[in-house]
Amino acid sequence: MAVAEIKFTDETLALVQKMVKRYPDGKHKSALIPVLHLAQAEFDGWLSREVMDYVASVLKLQPIEVYEVASFYSMFNLKPVGKCVLEICRTSSCWLMGAEDVVRHIEKKLGIREGQTTADGMFTIKTVECLGSCGTAPMLQCGAEYFENLSLEKVDILIDKLKQENKRRTYTELISSK
Amino acid sequence: MAKKILLKNDHIPGIQSYDVYRANGGYASVEKALKSMTPETVLEEVKKSGLRGRGGAGFPTGMKWGFLAKPPGVARYLVCNADESEPGTFKDRYLMERIPHLLVEGMITSSFALGAETSYIYIRGEYYYILRILEKAIEEAYANGWLGKNILGTGFSHDVYMHIGAGAYICGEETALLESLEGKRGNPRIKPPFPAVAGLYGCPTVVNNVETIAAVVPIINDGGEAYAAIGIGKSTGTKLISASGHINKPGVYEIELGVPVEEFIYSDEYCGGMRNGKKLKAVVAGGSSVPILPADLILKTAKGEPRLMSYESLGDGGFVSGTMLGSGGFIVMDEDTSIVKNLYTFTRFYHHESCGQCSPCREGTGWMEKIMHKILDGHGTLNDIDLLWDIQSKIEGKTICPLGEAAAWPVAAAIRHFRSEFENYVKNPSSIRDVKHYFRVNNLEPALN
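Pasting the structure below:
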């Protein structure tokens with residue numbers, strides 16, 4: 045989807061103003077990371093240069109201040125991603141409990157490798173470092189939701205469910221189930 | 012014996028909500044502190060309790076608070092470190108998800124002691140859903156008069172705000188966290204000055220872990236001496252342990268410090284023993300950064316005494332034969348585990364998470380990952396094992412922040428205690444091919460001879 049005009053909705057803009065007020069006068073730069081999360085959620089799940097420039101203008105920062113932050117943190121995507129980014133934890137405990145098998149299984153099922161996006165733009169496979177779910181390993185995160193104690197069967201069911209839902213999952217979405 | 016203080020009310024249905032939390036004695040510490048104590052006497056109780064930072068470093072909390080500079084007319088801040096990212100650690104997540112008001116209550120009571128009118132909870136970005144839970148708890152606390160202006164008519168005002176991160180292990184380091192909270196890259200600062208003098212926005216700041224702040228609540232309710240009576244020696248109170256790996260009952264357990272490691276692993280009260288009746292091979296006792304220990308050394312010290320879950324006992328023997336309590340991320344590995352492959356996941360982790368400021372860490376973590384990859388690819392040489400040792404020794408102590416040590420120690424310990432396994436991977440590269448893509452690697456040691 046081409047972004048014709050990059051502009052937050054009025055609702056998001058109000059939220060941005062609320063966020064800025066959490067910090068002392070003149071320290072509005074503190075709101076940068078929370079606002080980048082909102083931007084990523086609103087503009088197709090990734091931060092294009094145009095989106096980052098827009099965030100800079102909203103927060104009255106220099107564009108470079110936004111680029112250097114966006115490129116530092118692993119949750120910000122600087123390239124387009126699928127609607128559902130499957131982030132599989134690959135660190136110690138998850139690995140001990142079979143994370144590698146989960147990754148291979150998803151790669152096979154979707155016909156893409158880790159780091160790639162399916163041709164229909166539905167899924168991206170990403171391996172990530174410890175998500176604090178070691179006691180319920182292996183696990184993956186998609187949007188804001190954790191999927192834990194995974195088995196290959198559970199992965200199949202999840203992927204089918206996400207396909208049916210056919211909607212973009214973002215970190216900022218509300219999760220009613222938890 | 013399980014001793015529950017923080018998780019005392021964990022089993023009560025609805026404890027997440029304000030009403031149930033309050034009905035079970037919630038916010039009593041705020042009432043007590045604000046109405047019948049002074050900031051000084053609250054600090055005195057925390058000092059008496061012997062509480063030590065629960066994020067990993069184990070620094071005495073009362074002393075840290077005591078360092079806070081108090082220049083007149085300058086704002087002071089309390090910042091809660093909820094950036095829980097140490098592999099193997101998930102206790103803060105559990106605490107915030109299950110009893111969010113305990114953290115909010117601890118923030119208010121602690122802020123009163125520190126004279127902070129504003130505090131922030133910096134939570135890792137991946138825990139977005141917990142951000143929502145805490146935001147709701149904070150709203151409820153405002154609605155019931157525990158936050159805002161002139162709390163309980165005492166003249167003390169306080170605001171708590173949530174702040175979300177975006178995926179960076181380094182932001183668990185307190186000065187990197189402050190940089191991140193100021194909207195910058197998470198590059199640790201050179202110390203001194205310490206945050207107690209110049210922290211958030213250059214103002215005096217205390218940064219404490221979630222569990223540390225939560226522990227202030229029972230300390231104020233029951234007194235510092237009562238807290239200090241729990242535990243063993245200088246390891247006072249209780250600790251949340253995140254148990255994971257090849258055990259029957261992974262999960263978060265609150266233990267009285269001093270429980271024997273053997274009891275923790277095998278008792279039904281805790282981990283419930285090894286999964287599938289396998290034998291214990293090794294344990295990473297305090298999160299990925301602390302040295303791994305083989306079964307014999309985690310169960311008993313080099314002197315043959317039972318190893319206890321305490322700062323001192325786990326540290327007994329130094330790094331030659333001991334480890335650290337760290338964050339309490341307790342990763343258990345059975346006899347089928349490949350220590351080499353597990354170490355690879357650690358070296359990859361630290362390479363990925365190095366902020367890149369200091370050359371020894373930025374370059375060294377990359378080299379270590381590459382050499383580990385080379386060994387696992389079947390192209391390793393015996394020299395590579397020595398090279399790994401050499402690199403880790405040149406990162407340790409040569410970086411601005413402790414990520415350097417955190418990256419070096421696991422490599423050193425794995426080679427120290429499991430060198431034969433590395434040698435076997437080098438000498439029998441064909442054996443790796445069979446196990447490369449499988450997580451449950453057969454124990455290769457018998458093939459050595």
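Quick note, the sequences are listed as chains A and B, same order. So the first sequence is numbered by the numbering used here: it starts at 45 and just counts up by one. So the second sequence is numbered by the numbering used here: it starts at 12 and just counts up by one. From the three backbone atoms N, C-alpha and C, an ideal C-beta is built for every residue, glycine too.
8 Å Cβ cutoff, residue i in contact with chain B
{"i": "C178 of chain A", "result": "yes"}
{"i": "E189 of chain A", "result": "yes"}
{"i": "Q185 of chain A", "result": "yes"}
{"i": "V60 of chain A", "result": "no"}
{"i": "F52 of chain A", "result": "no"}
{"i": "A181 of chain A", "result": "yes"}
{"i": "C174 of chain A", "result": "yes"}
{"i": "Y119 of chain A", "result": "It should be pointed out that residue 119 of chain A corresponds to Met in this sequence rather than to Tyr. M119 of chain A counts as touching chain B."}
{"i": "T1 of chain A", "result": "Limits of chain A in this structure are 45 at one end and 222 at the other, which puts residue 1 of chain A out of reach."}
{"i": "R213 of chain A", "result": "no"}
{"i": "V113 of chain A", "result": "yes"}
{"i": "R157 of chain A", "result": "no"}
{"i": "K170 of chain A", "result": "no"}
Minimum Cβ-Cβ distance from residue i to chain A less than 8 Å
{"i": "I342 of chain B", "result": "yes"}
{"i": "A254 of chain B", "result": "yes"}
{"i": "R109 of chain B", "result": "no"}
{"i": "T348 of chain B", "result": "yes"}
{"i": "H22 of chain B", "result": "no"}
{"i": "L192 of chain B", "result": "yes"}
{"i": "T356 of chain B", "result": "yes"}
{"i": "K195 of chain B", "result": "yes"}
{"i": "N353 of chain B", "result": "yes"}
{"i": "E137 of chain B", "result": "yes"}
{"i": "L177 of chain B", "result": "Checking the sequence shown, residue 177 of chain B turns out to be Ala, not Leu. At least one chain A Cβ lies under 8 Å of A177 of chain B."}
{"i": "S122 of chain B", "result": "no"}
{"i": "H428 of chain B", "result": "no"}
{"i": "S442 of chain B", "result": "no"}
Beta-carbon contacts of residue i that lie in its chain and below 6 Å, excluding the five residues immediately before and after
{"i": "E144 of chain A", "result": "none"}
{"i": "G375 of chain B", "result": "I402 and I406"}
{"i": "S118 of chain A", "result": "none"}
{"i": "Y180 of chain B", "result": "S96 and E364"}
{"i": "L336 of chain B", "result": "G297, Y322 and L325"}
{"i": "Y29 of chain B", "result": "E151"}
{"i": "I16 of chain B", "result": "P229 and T249"}
{"i": "M141 of chain A", "result": "A181 and P182"}
Other residues of its chain near residue i: CB distance less than 8 Å, five sequence neighbours each side excluded
{"i": "K153 of chain A", "result": "V199, D200 and I203"}
{"i": "A461 of chain B", "result": "For residue 461 of chain B there is no data in the structure shown, the boundaries of chain B being 12 and 460."}
{"i": "S115 of chain A", "result": "L122"}
Same chain, Cβ closer than 7 Å to residue i, five either side skipped, listed in chain order
{"i": "K46 of chain B", "result": "L163 and T165"}
{"i": "K290 of chain B", "result": "D345 and E346"}
Heavy atom of the ligand HEM within 7 Å of residue i beta-carbon
{"i": "G178 of chain B", "result": "The ligand HEM is not among the ligands present in this structure, which contains no ligands whatsoever."}
Practice task
Kindly confirm or deny that the segment 388–408 of chain B and the segment 429–444 of chain B touch, where touching means at least three C-beta pairs closer than 8 Å.
Solution key: yes
Exercise for the section: Jot down the residue ranges of each uninterrupted alpha helix (DSSP H) in the segment 233–288 of chain B, minimum 4 residues, whole runs only, in chain order. Expected result: 235–239 and 272–277
Handout entry: Within 8 Å of chain A by C-beta, residues of the segment 260–281 of chain B in sequence order
Key = Within the segment 260–281 of chain B, the residues whose Cβ lies closer than 8 Å to any Cβ of chain A are, in chain order, P261, G262 and V263.
Practice task
Can you check the segment 66–97 of chain B for any alpha helix (DSSP H) of at least 4 residues that lies completely inside it and give the ranges in chain order?
Solution key: 72–77
Handout entry: Cβ contact check for the segment 146–162 of chain B and the segment 186–196 of chain B: 3 or more pairs under 8 Å
Key = Segments in contact, no.
Practice task
Give, in chain order, every unbroken run of the alpha helix (DSSP H) that is at least 4 residues long and sits entirely within the segment 382–416 of chain B.
Solution key: 393–406
Handout entry: Segment contact flag, the segment 21–38 of chain B with the segment 99–119 of chain B, C-beta cutoff 8 Å, min 3 pairs
Key = Yes, they touch.
Exercise for the section: Scan the segment 90–115 of chain B for residues whose Cβ lies nearer than 7 Å to a Cβ of chain A and list them as they occur along the chain. Expected result: E95, S96, P98, G99, T100, F101 and R104
Practice task
Could you tell me which uninterrupted beta strand (DSSP E) segments, each at least 3 residues in length, are contained entirely in the segment 168–212 of chain B, listed from first to last along the chain?
Solution key: 170–175
Problem - Inter-stretch contact at 8 Å, needing at least 3 Cβ pairs: the segment 19–35 of chain B / the segment 130–140 of chain B - result: no
Practice task
Say whether the segment 101–108 of chain B touches the segment 173–184 of chain A, bearing in mind that this needs 3 or more beta-carbon pairs closer than 8 Å, one atom from each stretch.
Solution key: yes
Practice task
Could you tell me whether the segment 78–91 of chain B touches the segment 217–226 of chain B, where touching means 3 or more Cβ pairs closer than 8 Å?
Solution key: yes
Handout entry: chain B contacts made by the segment 75–96 of chain A, where a contact means CB separation under 8 Å
Key = A75, L76, I77, P78, L80 and H81
Practice task
Only counting runs of 3 or more residues, tell me where the beta strand (DSSP E) segments fall wholly within the segment 319–362 of chain B, in order along the chain.
Solution key: Within the segment 319–362 of chain B, the runs of beta strand (DSSP E) that reach at least 3 residues and sit entirely inside it are, in chain order, 340–345.
Practice task
Jot down the residue ranges of each uninterrupted beta strand (DSSP E) in the segment 89–156 of chain A, minimum 3 residues, whole runs only, in chain order.
Solution key: 128–133
Practice task
Flag this pair as touching only if the segment 159–179 of chain B and the segment 70–85 of chain A have three or more C-beta atom pairs under 8 Å; answer yes or no.
Solution key: As far as the Cβ criterion goes, the segment 159–179 of chain B touches the segment 70–85 of chain A, which means the pair count is three or higher.
Practice task
With 7 Å as the limit, tell me which residues of the segment 358–375 of chain B have their beta carbon closer than that to any beta carbon of chain A; keep them in chain order.
Solution key: Per Cβ criterion, the list reads F360, H363 and E364.
Practice task
Can you give me, in chain order, the residues of the segment 121–140 of chain A that have a beta carbon less than 7 Å from any beta carbon in chain B?
Solution key: R134, T135, S136, S137, W139 and L140
Exercise for the section: Check each residue of the segment 213–240 of chain B: if its Cβ is closer than 8 Å to any Cβ of chain A, include it; give the result in chain order. Expected result: none
Exercise for the section: Would you check if there are 3 or more beta carbon pairs closer than 8 Å linking the segment 233–242 of chain B to the segment 49–68 of chain B? Expected result: Enough Cβ pairs lie closer than 8 Å, so yes.
Problem - Minimum length 3: unbroken beta strand (DSSP E) runs contained in the segment 158–208 of chain A - result: Taking only runs of at least 3 residues, the beta strand (DSSP E) segments lying wholly in the segment 158–208 of chain A are 167–172, 184–186 and 189–191.
Practice task
Select from the segment 99–111 of chain A all residues with a C-beta closer than 7 Å to any C-beta belonging to chain B, and list them in chain order.
Solution key: none
Exercise for the section: Indicate whether the contact test is met: 3 or more Cβ pairs, each with one atom in the segment 43–57 of chain B and one in the segment 253–265 of chain B, closer than 8 Å. Expected result: no
Handout entry: Every unbroken beta strand (DSSP E) within the segment 95–167 of chain B, with a cutoff of 3 residues, ordered by chain
Key = 129–134
Practice task
Report yes or no: do the segment 298–307 of chain B and the segment 417–434 of chain B share at least 3 C-beta pairs separated by less than 8 Å?
Solution key: yes
Exercise for the section: Anything in the segment 299–313 of chain B with a Cβ closer than 8 Å to a Cβ of chain A? List those residues in chain order, please. Expected result: Residues of the segment 299–313 of chain B whose Cβ lies closer than 8 Å to any Cβ of chain A, in chain order: S299.
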